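Student:
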Amino acid sequence: MSQSDLSAPNKGLLARGLKLLGQLTHPQTRTGKVFTRAEQGLTKVLARLAESPTYLRVSGGLMRQGFNARIRRRGLVERTLRTLRLPTPSEVEDLRDQLRRVNDQVEALGTQLETMVDLVHTPESSEADAPDSETRAPRPKGRASSTRRT
Amino acid sequence: MTASTTQRLRSFVAGKLDLPRAVASVLKARPLNPYPYLKSIIEKASGVREPPISATPHTVVYTRGSMRLLRYASPRRRFRTPILFVYSLINRWYILDFLPGRSLIEHLTHAGYDVYAIDWGVPGKTEEHIDWEELLGGLIQTAVQWTLRVSKSRELTLYGYCMGGTMALAYTSLYPEGVRNLVAQATPVDFSKGGVYTLWTSAENFDVDSLVDAYGNVPTKVLESGFMMAAPVQRLTRWLEVCRRIDDPDFVTTFLAMERWGADPVPFPGEVYRQYIKDCYQQNLFPKAQMKVGEQHIDLGRIQCSVLNVIAEQDTIALPAMSEPLPSLVSSKDVETRRYPVGHIGLSASSKGATVVWPSIAAWIGARSKTMEP
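Chains W and E, in that order, are what the protein sequence lines are. Mapped onto the numbering used here, the consecutive letters of the first sequence carry residue numbers 1 to 150. Mapped onto the numbering used here, the consecutive letters of the second sequence carry residue numbers 1001 to 1374.
1) Counting Cβ pairs, one atom from each stretch, are 3 or more of them under 8 Å apart for the stretch 1042-1052 of chain E and the stretch 1241-1261 of chain E?
2) Locate the alpha helix (DSSP H) running through E:A1045, then write down its first and last residues.
3) Going by C-alpha distance, which of E:A1170, E:C1305, E:R1338 is nearest E:V1356?
4) According to DSSP, simplified to helix, strand and coil, what is E:G1065?
5) Assuming E:L1199 and E:T1187 form a contact by the criterion Cβ under 8 Å, report the distance between their Cβ atoms to the nearest whole angstrom.
6) Can you tell me whether DSSP reads E:L1294 as helix, strand or coil?
7) Tell me, please, whether the CB atom of E:I1246 is closer than 8 Å to any CB atom in chain W?
8) Output the distance between the C-alpha atoms of E:T1157 and E:D1250, rounded to the nearest integer angstrom.
9) Given that a residue counts as buried once 16 or more other Cβ atoms are within 10 Å of its Cβ, and exposed if not, what is E:G1270?
10) Put E:Q1314 into one of helix, strand or coil per three-state DSSP.
11) Would E:R1064 be called buried (16 or more neighbouring beta carbons within 10 Å of its own) or exposed?
12) How would you write the range of the beta strand (DSSP E) that E:Y1116 sits in, first residue to last?
13) Beta-carbon of W:T88 versus every beta-carbon of chain E: anything under 8 Å?
14) Given a limit of 7 Å on CB to CB distance, which residues of the stretch 10-44 of chain W reach chain E?
15) Is the stretch 1079-1086 of chain E in contact with the stretch 1145-1165 of chain E, if contact means three or more CB pairs nearer than 8 Å?
16) Give me the chain C residues within the contact set of E:R1068, using Cβ-Cβ distance strictly less than 8 Å, ordered along the chain.
17) Return yes when the Cβ of E:L1182 is within less than 8 Å of the Cβ of E:T1172, no when it is not.
18) How would you call W:R101, buried or exposed, if buried means at least 16 neighbouring beta carbons within 10 angstroms?
19) For the beta strand (DSSP E) that contains E:A1349, what are its first and last residues?
20) Measuring only the C-alpha atoms, how far is W:A108 from E:L1070?
21) State yes or no: is the C-beta of E:I1130 within less than 8 Å of the C-beta of E:V1086?
22) Checking the sheet assignment: what are the DSSP bridge partners for E:A1184?
23) Are any of the Cβ atoms in chain W nearer than 8 Å to that of E:D1213?
24) Indicate whether E:D1190 and E:M1322 have their beta-carbon atoms separated by less than 8 Å.
25) For W:K111, which residues in chain E fall below 9 Å Cβ to Cβ?
26) Pick from E:C1162, E:P1176, E:S1151, E:Y1161: whose alpha carbon is nearest that of E:Q1141?
27) Any beta-carbon of chain W closer than 8 Å to the one on E:L1089?
28) Under DSSP, the alpha helix (DSSP H) around W:Y55 begins and ends at which residues?
29) Could you pull out every residue in the same chain whose Cβ sits closer than 7 Å to the Cβ of E:W1358, ignoring the five residues on either side in sequence?
30) Anything in chain W within Cβ reach of E:T1157, meaning under 7 Å, just list it in chain order.
31) Please classify E:T1006: is it buried, with 16 or more other beta-carbons within 10 angstroms of its beta-carbon, or exposed?
32) Measuring only between beta-carbons, confirm whether E:S1046 sits less than 8 Å from chain W.
33) For E:H1058, count neighbouring Cβ atoms within 10 angstroms of its own Cβ and tell me buried if that reaches 16, exposed if not.
34) Taking C-beta pairs closer than 7 Å, name the residues in chain W that E:M1229 reaches, listed in chain order.
35) At 7 Å on the CB atoms, spell out the chain E contacts of W:R70, in chain order.
36) Would you check whether the ligand SAM has a heavy atom nearer than 7 Å to the C-beta of E:G1294?
So, in structure tokens, the structure goes:
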């Protein structure tokens, strides 16, 4: 949305409508008092529902069934696509992830190179910073990981 | 009809169609949060645009998978000891750098700290199998090491927020080297006191295995539905306040920034979630030194550095009762609990933050940090 689209007459009409809605539901107006009572009532009902053992048992059971159905469906789709030698949705998703991260990795590499160059040029200043009692900062060391690192 | 008239007519029609188009594209995605539906209407009515994300200048220091380590360098660095923020895996880190003039990170950089923050990014397929061992000993440890290296310091202040606080405590108990101070802000420690969240995630009501097996990473809709259920009515009715104050650009900007952040959850890495729910919410092993990560147990009694336990008195997510036991669980001689009259998010983004909360926390950290040599 560009700044020119926010033209004054249109903005005014929409803003006036929203303001009216806000005023009608303000707790100090007559309509607002009714609205506030309805809001409080609904909140109480929903809070009771959210703590009801029956509701939790039923919704938990439905969720479990939904998740299990999804596991079966996903397995079937992936098996079918593999049989047809087509990329599966998870493989496409993986590729999209990899592309998204390249940008950040390049930026980080630049910062890391600057840091390294800085450290190579001023090793003695970093030595002088720490009192003798302190331990040396550990070197960043890689751990076995399936993710790409810079 | 001249070309310029046609052009004007076309842009007028396009302008009128902008709002319906924006709403139609949201309806297609069908998010649970009202923000994407209402944002364009509020923007159109108020003339206020959504503020930029994390406006404080920063650079990316390190990346690994979806994780990025960000550096917010201080314009006038006074402290040698840097601060590393470990944020929760549920929402995005940028609540810590909310808005210019109302940002915890900006406040700390202006106070002279070299600040770093872990942005967990948007976990994808590669993050599905990350477990707590890789999270603590791989990702956080590497972030700590890079922070120390870039800031040219031997020690840092680890600053955990919400679930990030739980992770920071777990990390410090396993890898205490290099952690000089630990700030645990609105941090769940005793999960048996988690209110409705403990109830909803109990083993009888919630089958975490089938959820993780079905999705890999826990999808945002599942996480959002949980938060939606916690306050379903208020989630909608709070938009009425912005209708009343549509002429107040500051209020609208703050409101939109907050709602944008709330509507930006990320998928939760599946295996981390599985163990988090089982060991913390279902069995409460975390405060009992029984939660196992790799071959070791997370024993908070091994934490000996200075610890600040920050509690939001009106917190409805990490209830104060969840954080209160922390001082009795760590071995630190210098441990303090500070309570503030704000909510969970208010610690980082409310107007009280800049005047009441942050100066107090910054002073606590400052008294325990090394200063730069003249």
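Positions of the beta carbon are idealized from the N, C-alpha and C atoms, including for glycine. Computed from a predicted structure; not experimentally measured.
Tutor: In terms of the structure at hand:
1) yes
2) As a position in the second sequence, residue 1045 of chain E is number 45, starting the count at 1. It spans 1035-1046 - the alpha helix (DSSP H) in which E:A1045 sits, taken as one unbroken run.
3) By 1-based counting over the second sequence, the position of residue 1356 of chain E is 356. Among E:A1170, E:C1305, E:R1338, the Cα nearest to that of E:V1356 belongs to E:R1338.
4) Working through the second sequence from its first residue, we reach residue 1065 of chain E at position 65. Of the three classes helix, strand and coil, the one that applies to E:G1065 here is coil, per DSSP.
5) For the purposes of this step, residue 1199 of chain E is taken as the residue at position 199 of the second sequence. For the purposes of this step, residue 1187 of chain E is taken as the residue at position 187 of the second sequence. E:L1199 to E:T1187, Cβ: 20 Å. No contact.
6) Translated into positions along the second sequence, residue 1294 of chain E becomes position 294. Going by the sequence as given, residue 1294 of chain E is Gly instead of Leu. E:G1294 falls in the coil class under three-state DSSP.
7) Taking the first residue of the second sequence as 1, we reach residue 1246 of chain E at position 246. Cβ-Cβ to chain W under 8 Å: yes for E:I1246.
8) Numbered from 1 along the second sequence, position 157 holds the residue referred to as residue 1157 of chain E. Numbered from 1 along the second sequence, position 250 holds the residue referred to as residue 1250 of chain E. Between E:T1157 and E:D1250, the C-alpha separation is close to 33 Å.
9) Mapped onto the second sequence, residue 1270 of chain E falls at position 270. It is buried - the Cβ of E:G1270 has at least 16 other Cβ atoms within 10 Å.
10) Sequence index remark: in the second sequence, residue 1314 of chain E carries index 314 (1-based). DSSP places E:Q1314 in coil when its eight states are reduced to three.
11) Position 64 of the second sequence, counted from the first residue, corresponds to residue 1064 of chain E. When all chains shown are included, E:R1064 counts as buried.
12) By one-based count along the second sequence, residue 1116 of chain E stands at place 116. E:Y1116 -> beta strand (DSSP E) spans 1115-1119.
13) Walking along the first sequence from the start, residue 88 of chain W turns up at place 88. Chain E contact via Cβ: absent.
14) K11, L14, A15, L18, K19, L21, G22, Q23, T25, H26, E39, L42, T43
15) yes
16) Of the chains in the structure shown, none is chain C; the protein chains are W and E.
17) The residue given as residue 1172 of chain E occupies position 172 in the second sequence. The residue given as residue 1182 of chain E occupies position 182 in the second sequence. Yes; because the gap between Cβ atoms is below 8 Å, this pair is in contact.
18) On the first sequence, residue 101 of chain W is found 101 positions in, with the first residue counted as 1. With 16 or more Cβ atoms within 10 Å of its Cβ, W:R101 is classed as buried.
19) For this step, residue 1349 of chain E is matched to residue 349 along the second sequence. Run containing E:A1349: none in the beta strand (DSSP E); it sits in the alpha helix (DSSP H), 1346-1349.
20) Looking up residue 108 of chain W in the first sequence gives position 108. Looking up residue 1070 of chain E in the second sequence gives position 70. Roughly 9 Å separates the two Cα atoms.
21) As a working mapping, residue 1130 of chain E is identified with position 130 in the second sequence. As a working mapping, residue 1086 of chain E is identified with position 86 in the second sequence. No. Outside cutoff.
22) To locate residue 1184 of chain E, count along the second sequence from 1; it is residue 184. Paired residues: E:G1160, E:N1309.
23) What you label residue 1213 of chain E is simply residue 213 of the second sequence in a count that begins at 1. Yes, because at least one Cβ of chain W sits closer than 8 Å to the Cβ of E:D1213.
24) Residue 1190 of chain E sits at position 190 when you count from the first residue of the second sequence. Residue 1322 of chain E sits at position 322 when you count from the first residue of the second sequence. Yes, they are a contact pair.
25) As a first step, residue 111 of chain W is located in the first sequence; it is residue number 111 there, counting from the start. Sequence check: residue 111 of chain W is Thr here, not Lys. T1059, V1060, V1061, Y1062, R1071, V1150, listed in chain order.
26) Taking the second sequence and counting its residues from 1, one reaches residue 1141 of chain E at position 141. Nearest C-alpha to E:Q1141: E:P1176.
27) Within the second sequence, residue 1089 of chain E is the residue found at index 89, counting from 1. Taking Cβ atoms only, chain W never reaches closer than 8 Å to E:L1089, which makes this a no.
28) Here residue 55 of chain W corresponds to residue number 55 of the first sequence, with the count starting at 1. Run containing W:Y55: 53-83, per the alpha helix (DSSP H) assignment.
29) The count along the second sequence starts at 1 and reaches residue 1358 of chain E at position 358. Closer than 7 Å at the Cβ level, and outside the excluded window around E:W1358, lie L1104, H1107.
30) By one-based count along the second sequence, residue 1157 of chain E stands at place 157. Ordered by position in chain W, no residue passes the 7 Å Cβ test against E:T1157, which lies about 15 Å from the chain.
31) Residue mapping note: residue 1006 of chain E aligns to position 6 of the second sequence, counting from 1. Classification for E:T1006: exposed.
32) As a working note, residue 1046 of chain E is residue 46 in the second sequence. Closer than 8 Å to some Cβ of chain W, the Cβ of E:S1046 qualifies, so yes.
33) Within the second sequence, residue 1058 of chain E is the residue found at index 58, counting from 1. Buried is the call here.
34) Within the second sequence, numbered from 1, the residue matching residue 1229 of chain E stands at position 229. By Cβ distance, chain W contributes A50.
35) Your numbering for residue 70 of chain W matches position 70 in the first sequence. Ordered by position in chain E, the residues that pass the 7 Å Cβ test against W:R70 are A1214.
36) Among the components modelled here there is no ligand, and therefore nothing to report on the ligand SAM.
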